[in-house]
Structure formats: C-alpha cells, structure tokens
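Below: the structure, in structure tokens.
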Amino acid sequence: MFPRPLVMINRALPTALLVTTLLVAAACTPAPETETHTVASTKPADVVFTDVTETAGIAFSHHNGRSGQKLLPETLGSGVVFFDYDNDARPDLLLVNSRPWEAQAEPVTSKLYRNNGDGSFTDVTAGSGLETELFAIGAAAGDYDNDGLTDLYVTALEGDRLYRNTGNGTFADVTASAGIDNANFGTSVAFLDYDRDGLLDLFVDNYVVWSPELDVWCTLDGSTKSYCTPGSYTGVASKLYRNLGEGRFEDVSEAAGVSDPESKALGIAILDFDADGWPDIFQANDTQPNKLYRNNQDGTFTDIGLTAGVAFAEDGKARGAMGVDAADYDGSGRPHLLVGNFSNEMLNLFHNEGGGLFLDDAPASDIGKESLLALTFGAFFFDYNLDGALDVFAANGHLDEEINAVQPKVTFEQAPLLFRNDGTGRFLLANSEVGEAFSTPLVARGAAYADYDSDGDLDVVINVNNGAARLYRNDGGNANSYVRLHLVGKESNRSAFGAKVTVTSASGKQSRMVRSGSSYASQSESTLTFGIGQDLLIDVIEVEWPSGETQRFEKVEPNQSFRIEESVDSLAVQTS
1 MFPRPLVMIN
11 RALPTALLVT
21 TLLVAAACTP
31 APETETHTVA
41 STKPADVVFT
51 DVTETAGIAF
61 SHHNGRSGQK
71 LLPETLGSGV
81 VFFDYDNDAR
91 PDLLLVNSRP
101 WEAQAEPVTS
111 KLYRNNGDGS
121 FTDVTAGSGL
131 ETELFAIGAA
141 AGDYDNDGLT
151 DLYVTALEGD
161 RLYRNTGNGT
171 FADVTASAGI
181 DNANFGTSVA
191 FLDYDRDGLL
201 DLFVDNYVVW
211 SPELDVWCTL
221 DGSTKSYCTP
231 GSYTGVASKL
241 YRNLGEGRFE
251 DVSEAAGVSD
261 PESKALGIAI
271 LDFDADGWPD
281 IFQANDTQPN
291 KLYRNNQDGT
301 FTDIGLTAGV
311 AFAEDGKARG
321 AMGVDAADYD
331 GSGRPHLLVG
341 NFSNEMLNLF
351 HNEGGGLFLD
361 DAPASDIGKE
371 SLLALTFGAF
381 FFDYNLDGAL
391 DVFAANGHLD
401 EEINAVQPKV
411 TFEQAPLLFR
421 NDGTGRFLLA
431 NSEVGEAFST
441 PLVARGAAYA
451 DYDSDGDLDV
461 VINVNNGAAR
471 LYRNDGGNAN
481 SYVRLHLVGK
491 ESNRSAFGAK
501 VTVTSASGKQ
511 SRMVRSGSSY
521 ASQSESTLTF
531 GIGQDLLIDV
541 IEVEWPSGET
551 QRFEKVEPNQ
561 SFRIEESVDS
571 LAVQTS
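Here the sequence shown is numbered in the working numbering, starting from 1 and rising by one per residue.
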C-alpha cells in the first residue's frame, strides 16, 4: 500500500461515526496491513481515443420515452454489455434500449451487434430473439447453465427477462420457466456464484415503486414540471436468485439477508473485499445508504456498509449513487471501490485499508475536485495505457435539460472524465492527453470497455440517454506490453466469475477478479487485461478458482492472449 496522508483518517466519516467505526473494526478485525507495494511505473503513453462509431457500423440511438411528461424512468436508461455470444473470441456488443410510452409502428428495441473481427460490427438483432420491445434499463451476461454459451439477463419495467443462448445465434426467453419474476423497476444486475456450487446465481438491483399513475409532480423553477429525486418515491427490495440447476432459479432474497425495502439501488459491484475467497456484494443506492454485503459463507450476507465506512459520504450523508466498480488500483492486493454520484457530490474513491475498513480518498484528491460538478452514471477502473496501474473512467450527464437555468455551473450534457493513475495511486485528469474524443459533452449512462479490435488495448463504449451510442477506439495503448487472459471454469462455474488472477512481473504484482456487472447497468468483457509497461517477461500468473483449485504459470511471454482452463496445466494461445 502506498504511504497514506494522515489527513485521510479524518475524511472518511463524521467524527462520531468514525469513532464508532474504528472501535468496531478494532474489536472485530486485525489491524490493517502496512507493508509497501509497487506497481509499474507510469510514464504517460501516447494514447488517443478516436470516435469510430460510424466507421465501426454502430448505428444505435437510445429512446428514453421522452414525451414532455417528465416521467421518472426516462432519466435512467440505459446500459451496454460486451460479451462473446458466438464463441469466436471476439467481444460482441449489446446496446440496451427503452421505448416510447405509446406504441409505435416501428418497434424500438435493444440491438445486438456481432463483432466481424475487422474493426466493424454487424447488427444481428433481427431474428436473434432479443428484438422484443421493452422499457429496458440494464443487462448482464453469464453462462448460467454451464453449456459453454453466454446467456443474458435484461432488466425492464415490464418485468426482467432471462435469455438462454441457444448456440445458433439466437436467444430463447426462458424467464417464466426459470422461475424469474421481477417487475420491480430493475436497474443493474450481476451474475455471481455466491455459494460456490459451480452454478451462477443472480443479484438484481431494484429502484423504486413507480408507475405512470404514481409519478410525482416536482419542479426546479416553481412553475414547470421536472424530474423528481428518488426521495419522492418508496424504495423496492433487490433480488437474489439462487441457481438450482437444470435451468431453474429460486428467490432467496429474504433468507439471504439482502432484501432491504429501503434501498433504491442503481449499481452493483462483486468483490472479495476481505480476501476469504467468497464473493461479497457492494450495492450503490440513490439517496439511501450504500450496502456492503459480506458473504457469511453459509448462504447469507451481512450488511457492514456502515462500519466499513462506505454507506455514507464523508459528511455522513447518503449520496445519489449510480455506477460503481471495484478493483485493486494501487497494488495492495485489496479491491477498492469507485462510486459515481450526483452533481455537486463528486466521485467516491473508497480505499480498502484492510481489516474491514475503507477510507474515501476522493475529497483530498484531484479525482474529487475534477468530478465535483459531474453527475456520473457509468464508472469503471481499467488500464487504458497498459502501464500496470488501473485508471478511472466516468461517463457523465444530468437528468434534466433545464438544470443550467437554476444551477449555472451544472450542465445537462457533460463530457466524460478520464483519470490516469500515476503509479502512486494518485489520479490525474487525462482528458487533454488522449485527443478530442472525450471533450464532447453527452448525456451518458451505461459505459463499458473491451478490446474489440484485438490489438491488446482497451476500447470504450457509452450508451447515451435519448441519443446515439459512442464507440471509442484506443490507439496507442499497446505501445506498452500486456497479457490477456480468458478463463474457463470446470468444477467452478464455466464463466469463471469469482476467480482471482495475480500477475507478477519485474515492476510489480497485480490482481483482478473475473466478474459480471459493474459500471452502471452494464458489463465489460470478462477477459482480463493486464498491462506490464515495458517489462519483457511475466514471471508468474497465478489463478485461484472458486472451487479452491489453484494454478500457476511461470515465465510467460507478453503481448499475447491466452485461454486458461481450470485443471489444465498449460496456457492455450487464443486467437480471434
């Protein structure tokens, strides 16, 4: 862990709450580790992000239902998923769509784009089984039936949908037969194997009780209707579905201890914050305390968000939290938390101190100052310049077109924010370093990353609320070296969700978990990318599987993509 400024101990929580937190943590857990870790040096690389949406064949426009009524769901869509639905080792793209409130002659649907392998995509929605018109919000991908094909879960106002991948380029709606019944304003969703039985379960964020008849009249200027905050609505409990096998799920939300009706959930991150090998759940709640559900290893969870220091901001107030991610950005070996919040609230950057305690580094850092006016939905860690230090991306955009009239410093359309990790765990605003693409203001929502063009570096996609999606190609990130790892479980779930990978090279040690979900209503590719800067060799790749098995590979040449299969003691070069 990098040296910590003493001021930070006073910034995580208000005094009374901080004292309580520290006493509980001291009584129940060992002291945080204090050893120093290193990551690769981070000389800025010559990286440019280029908007290639049109040349890549992406012609998608999100429809939020806008009709002048300013109905609450219009503000929230929509997500995006990178996943390989046809098993050709290339990430395909699902762009989630909502719909008009009134039926249209031409249906408005989500779109599935197949990766052609030449830098372009083809719209293959027609006949895919995904062309149902829904007011959809988010999605996640995972192989819930372990048949080697990646399936989809889509959240929607009319009721969520579970789609089984049939293997012939189509998806079958198996929602009813699978026992899925969630029509509770679902938002983000993630697959995870919370009980480590080799079958993927589902955690679904639900937002508030809402219908057109229950929509509340609110105003910014005292005369015209605006979108209400979630404080005007009653929350809805989220759902945990346990996979029973043979294509069936069981709602175990209450028994598992994750059914809190006060939550107004928008974001999910799966992480193992305490390194016990069991997946925990962080839930970002809008104007309600965030949840950190610790896995009790017996099918239940305990919310320790308050004592861990992640339930509230440093002033003791719940924020308007949306997108979220978890990763080890400083080489400490522990996953930290990134949370996107409302304008005038800044991002949270909760540093995992060990011992069950997190401290928010954002208020005393550039990442807090530069994100203060942003309203962040999509948010994630990724290593865009492959220097071995995870960077931060935030996709931003306000809810109401008239916000600038009442808050002159806040705009409706907002530019994304890219923060470069300088190798000490400090984040520097890097928009001006990567070309002009991230200078364009958007009303951004879902965001995700993948190496869609198979050149080793990570590209970015944003779904824009009531606007055109954007695909940004990373040019130059692969000047540094890397390794890409695609894991396939055998005793563990086939998607390998929950597997932890550690890569060690001359400049340091890095760890990642294979996960579903994260960002906002979105999912990035599940293949892991590790940048190693100018290192010429990877000393060790170690994999810890959910089954308990470990694998170790030594002296690996970089700048390659490998397939790692559980129980197979060799790396297979993966080509697309």
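By construction, the Cβ of each residue, glycine as well, lies at the ideal position given by its N, Cα and C atoms. In this text, all values refer to a predicted model and were calculated from it rather than measured experimentally.
A183 classed as buried or exposed, judged by whether at least 16 other C-beta atoms fall within 10 angstroms: exposed
Cβ atoms of G65 and S110: under 8 Å apart, would you say? no
Inter-stretch contact (C-beta, 8 Å, three-pair minimum) for the stretch 379-390 and the stretch 353-366: Judged by Cβ distances under 8 Å, the stretch 379-390 makes no contact with the stretch 353-366, as fewer than three pairs qualify.
When the Cα atoms are used, what is the spatial distance from T175 to V540? 42 Å
Helix or strand or just coil, what does DSSP make of F562? strand
Name the one or two DSSP bridge partners that Q510 has. V503
Look at S507 and D535 and say whether their C-beta atoms are less than 8 Å apart. yes
From what residue to what residue does the beta strand (DSSP E) around I538 run? Run containing I538: 538-544, per the beta strand (DSSP E) assignment.
Would you grab the beta carbon distance between L149 and L94 for me? Rounded to a whole angstrom, and I think it's under 8 Å. Going by Cβ atoms, the distance from L149 to L94 rounds to 15 Å, so no, they are not a contact pair.
With three or more beta-carbon pairs closer than 8 Å as the criterion, would you say the stretch 215-228 touches the stretch 265-283? No, the stretch 215-228 does not touch the stretch 265-283.
Can you confirm whether the stretch 290-309 touches the stretch 221-231 when touching is taken to mean that 3 or more C-beta pairs between the two stretches lie within less than 8 Å? no
Less than 8 Å between the CB atoms is what I'm expecting for A492 and E566, so what's the real figure, rounded? Contrary to the premise, residue 492 reads as Ser rather than Ala in this sequence. Contact flag correct, Cβ pair sits at about 6 Å.
Exposed unless 16 or more other CB atoms sit within 10 angstroms - verdict on P416: buried
Pick from F553, D181, L76, G68 that is closest to S570, judged by C-alpha positions: F553
What is the DSSP secondary structure of I58, reduced to helix, strand or coil? coil
Could you check how far apart the C-beta atoms of Q288 and S253 are, in whole angstroms? I think they sit under 8 Å. The Cβ separation is near 17 Å, so there is no contact.
For the pair the stretch 466-482 and the stretch 359-374, tell me if three or more CB-CB distances fall below 8 Å. no
When the cut-off is 8 Å and only beta carbons count, does P289 lie next to chain C? In the structure shown, chain C cannot be found, because there is only a single protein chain.
Rounded to the nearest angstrom, what separates F380 and G333 at their Cα positions? 18 Å
Integer-rounded CB distance, given that F185 should sit under 8 Å from Y163: That belief does not hold up - the Cβ atoms of Y163 and F185 are roughly 20 Å apart, past 8 Å.
From what residue to what residue does the alpha helix (DSSP H) around I367 run? 366-371
Three-pair Cβ contact test at 8 Å for the stretch 101-110 versus the stretch 128-146: At 8 Å Cβ cutoff, the stretches touch.
Can you tell which of V501, Q574, L528, Y144 has its C-alpha closest to the C-alpha of T550? Cα-wise, what sits closest to T550 is V501.
Nearest neighbour of T529, chosen from R420, A521, S511, E314 [CA to CA]: S511
Cβ shell of P212 (< 7 Å), same chain only, five flanking positions each side left out: L71
Kindly indicate which residue of K291, V514, D193 has the alpha-carbon position closest to the one of A321. K291
Counting C-beta neighbours from all protein chains within 10 Å, is the total for L537 16 or more, i.e. buried, or is it exposed? exposed
Taking L399 as the reference, which of A327, R445, V488 has the closest Cα? R445
Does the distance from the C-beta atom of N480 to that of H62 stay below 8 Å? no
How about F393 and V443: do their beta carbons lie closer than 8 Å? no
For T187, does the count of other Cβ atoms within 10 angstroms reach 16, so buried, or fall short, so exposed? buried
With C-beta atoms as the reference, is G129 less than 8 Å away from D173? yes
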